[in-house]
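Step one of this worksheet: look at the structure below.
In the numbering used here, the protein residues as written are 2 to 548.
Below you can see the structure in the form of structure tokens.
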């Protein structure tokens, strides 16, 4: 319920405070008096865009504040169920905008979210909740009395969705285990197939390759070595033997002892070299062997680069892989448990969601009939109203409605949208495509009348509901507004005296102009003052000027 609206330095309004009553409130005044400014100010404090152009001339900032009673606790502020909510907004000359809710800094998004449940404004393109197709489903569920069933479906869906996510994560965990198992198995097979045990294998192979590749030069060297050491005339062994024999003749001379010793060393070394030459002489050039060695060296090099480890580290790594074991039994058991639980919840959830859909379908037919009847009473002789359901087919869904796989959300199987047509021959259209604010206002009134306890905003403001109507239709609209005001606060800006005379509280807006400034004032009328204002309104209506 809107209790008070305070405005400072907004357009031609210098300072204005309006107090509203419970039930029906009507705001009247001459055309151009500033009634539309009240709606603009209320929209501004509820988060609508606004800049420095809204500030009164020669002023530095504007201020709008609104005080609400939160009787039904539909809106929470920081998880607090507050009895009173005060929203303030300031805009300065630089265009900067500031919001507060109950004295705490806030922002436009939060104000809009809370504000749409405080005031439902019906005017040209300002039907806040009526344009929200998500709200249409809320209206239908309220009409069908399916609140408890909706709550059950929502909670079970959230539980189901949580379990599905948990199952997905644990399957990912199992997949990772399997991936690691496959990786370990592959690496172990690869390293075992490499058949290396000697950490020096690479060095030995390189040496062997060098020998094979140099076989011709080695054989030539071996022959030269053999010839020089022992084979040809005048070889080292032959010369050393001759010298050794001669030196022995002087063995009694001390220096010759050393000569004989050295010659013995030369002879022994020569004999060793002769043996090496024989061994070297066995080397032969083998192209196939050389290629096999190159392939093996290349393989070992690739393996070390792949694992970023040398041969000794690879041998140790292979031993480590052999010790690794995986236990996936617990994961598999958990998956089986989750799948079983999800299956049970899915069946129950499908049953509840289907039950909800059937109740919505049945309720939509009754809602259509009731709203159409109300539209007749509000001056729409050929209007049409219908509820359109949309369900998304999904072959991957485990949920079914009418034997077809359908996507399920926390709201059930369907989205609902209200369609409306004011003219015969024109099919019903989504409400956002309706241009006339007056038509939407009367449609909103029709819906609200058939939903007297609907979970909508605590205050309904109608700005253009009297557009294009008069006579008996005006009386019927007035009666419907009076009926609506029995369950919630209603504020109507009107030029129609049948609406004004049925209001609990009558507020008149007046604009006075002198040589220096324009002043807008608001006044709650007494009984006698109301009679005077209604007489004025009847004169306006008689002259044909409705607004």
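For every residue, glycine included, the Cβ atom is placed at its ideal position computed from N, Cα and C.
CB of residue 458 within 7 Å of CB of residue 372, strictly
Position 457 of the chain shown holds residue 458. Position 371 of the chain shown holds residue 372. Inclusion of residue 458 and residue 372 in the CB contact set at 7 Å is not warranted, their separation being larger than that value.
Should residue 390 and residue 417 be called a contact, given that it needs their Cβ atoms to be closer than 7 Å?
Position 389 of the chain shown holds residue 390. Position 416 of the chain shown holds residue 417. Closer than 7 Å, so yes.
Using only the alpha-carbon positions, how far apart do residue 103 and residue 117 sit?
For the purposes of this step, residue 103 is taken as residue 102 along the chain shown, with counting starting at 1. For the purposes of this step, residue 117 is taken as residue 116 along the chain shown, with counting starting at 1. Each residue's Cα considered, the two are about 17 Å apart.
The alpha helix (DSSP H) that contains residue 501, what's its start and end?
Working through the chain shown from its first residue, we reach residue 501 at position 500. Taken as a continuous stretch (DSSP letters only), the alpha helix (DSSP H) holding residue 501 covers 498-502.
Please name the residue, chosen from 83, 515, 501, 513, that lies closest to residue 525 on a Cα-to-Cα basis.
Reading the chain shown from its first residue, position 524 is the one you call residue 525. Closest option to residue 525, Cα to Cα, is 501.
For residue 85, does the three-state DSSP call read helix, strand or coil?
Within the chain shown, numbered from 1, the residue matching residue 85 stands at position 84. Residue 85 falls in the strand class under three-state DSSP.
Does residue 499 pass the burial test, meaning 16 or more other C-beta atoms within 10 Å, or should it be called exposed?
By one-based count along the chain shown, residue 499 stands at place 498. Buried, because 16 or more other Cβ atoms sit within 10 Å of the Cβ of residue 499.
Can the beta-carbon of residue 485 be found less than 7 Å from the beta-carbon of residue 491?
What you label residue 485 is simply residue 484 of the chain shown in a count that begins at 1. What you label residue 491 is simply residue 490 of the chain shown in a count that begins at 1. Yes, they are a contact pair.
Using CA atoms only, rank isn't needed, just tell me which of 382, 201, 333 is closest to residue 168.
For the purposes of this step, residue 168 is identified with residue 167 of the chain shown, where counting begins at 1. Each of 382, 201, 333 was checked against the Cα of residue 168, and the nearest Cα belongs to 333.
Tell me whether residue 557 sits in a helix, a strand or coil according to DSSP, three-state version.
Nothing about residue 557 can be read from this structure; the chain reaches only from 2 to 548.
Nearest to residue 229 by CA position, among 320, 201, 268, is which residue?
Working through the chain shown from its first residue, we reach residue 229 at position 228. Of the candidates 320, 201, 268, the one whose C-alpha sits nearest the C-alpha of residue 229 is 268.
Which same chain residues end up closer than 6 Å to residue 494 when comparing Cβ atoms and leaving out the 5 residues on each side of it in sequence?
On the chain shown, position 493 is the one that residue 494 refers to. 28, 36, 464.
Spatial neighbours of residue 132 in its chain, beta-carbon cut-off 8 Å, leaving aside the 5 residues before and after:
In the chain shown, the residue the question calls residue 132 occupies position 131. Excluding residues within five positions, the ones whose Cβ falls inside 8 Å are 432, 433.
Once you ignore the five residues that flank residue 149 on each side, which residues in its own chain have a CB closer than 8 Å to its CB?
Taking the chain shown and counting its residues from 1, the one referred to as residue 149 is at position 148. Same-chain partners within the cutoff: there are none.
Presumed contact (8 Å Cβ cut-off) between residue 400 and residue 329, rounded CB distance
In the chain shown, the residue the question calls residue 400 occupies position 399. In the chain shown, the residue the question calls residue 329 occupies position 328. Contact flag wrong, Cβ pair sits at about 30 Å.
Express the C-alpha separation of residue 182 and residue 602 in angstroms, rounding to a whole number.
The chain is shown only over 2 to 548; residue 602 falls outside these bounds and no answer can be derived.
Relative to the C-alpha of residue 16, which candidate in 50, 40, 65 has its C-alpha closest?
Position 15 of the chain shown, counted from the first residue, corresponds to residue 16. The option with the nearest alpha carbon to residue 16 is 65.
Residue from 24, 53, 143 with nearest C-alpha to residue 364:
Walking along the chain shown from the start, residue 364 turns up at place 363. That would be 143, whose Cα lies nearest to the Cα of residue 364.
Would you say the stretch 39-50 touches the stretch 108-115, given that touching needs at least three Cβ pairs under 8 Å?
yes
Rounded to whole angstroms, how far is the Cβ of residue 1 from the Cβ of residue 90, which I believe are closer than 8 Å?
Missing from the structure shown is residue 1; the chain here goes from 2 to 548 and no further.
From the beta carbon of residue 161, is the nearest beta carbon of chain B less than 7 Å away?
The structure shown has no chain B; it contains just one protein chain.
For residue 154 versus residue 413, is the C-beta spacing smaller than 7 Å?
Mapped onto the chain shown, residue 154 falls at position 153. Mapped onto the chain shown, residue 413 falls at position 412. Yes.
Ranges of the beta strand (DSSP E) found wholly within the stretch 379-438, counting only runs of at least 3:
Listed in chain order, they are 385-392, 415-422.
Where the alpha helix (DSSP H) through residue 44 begins and ends:
What you label residue 44 is simply residue 43 of the chain shown in a count that begins at 1. Its alpha helix (DSSP H) spans residues 36-46.
Select from 163, 250, 97, 63 the residue whose C-alpha is nearest the C-alpha of residue 342.
Within the chain shown, the letter at position 341 stands for residue 342. Answer by Cα proximity: 163.
For the alpha helix (DSSP H) holding residue 303, just list the boundary residues, first then last.
Residue numbering aside, residue 303 sits at position 302 when the chain shown is read from its first letter. 288-308 is the extent of the alpha helix (DSSP H) around residue 303.
Can you tell me which of 324, 158, 21, 424 puts its alpha carbon nearest to the alpha carbon of residue 344?
Position 343 of the chain shown holds residue 344. Answer by Cα proximity: 158.
Residue 200 (DSSP reduced to helix, strand or coil):
Your numbering for residue 200 matches position 199 in the chain shown. Residue 200 falls in the coil class under three-state DSSP.
Span of the beta strand (DSSP E) holding residue 19?
In the chain shown, the residue the question calls residue 19 occupies position 18. Residues 14-20.
With a threshold of 7 Å on Cβ separation, who are the neighbours of residue 138 within its own chain once the five nearest residues in sequence on each side are excluded?
Sequence index remark: in the chain shown, residue 138 carries index 137 (1-based). So the list reads 412, 416, 417, once near-sequence residues are dropped.
Should residue 152 be listed as close to the ligand SAM, given that the test is whether its C-beta is under 6 Å from any heavy atom?
Ligands are entirely absent from the displayed structure, and the ligand SAM is therefore not among its contents.
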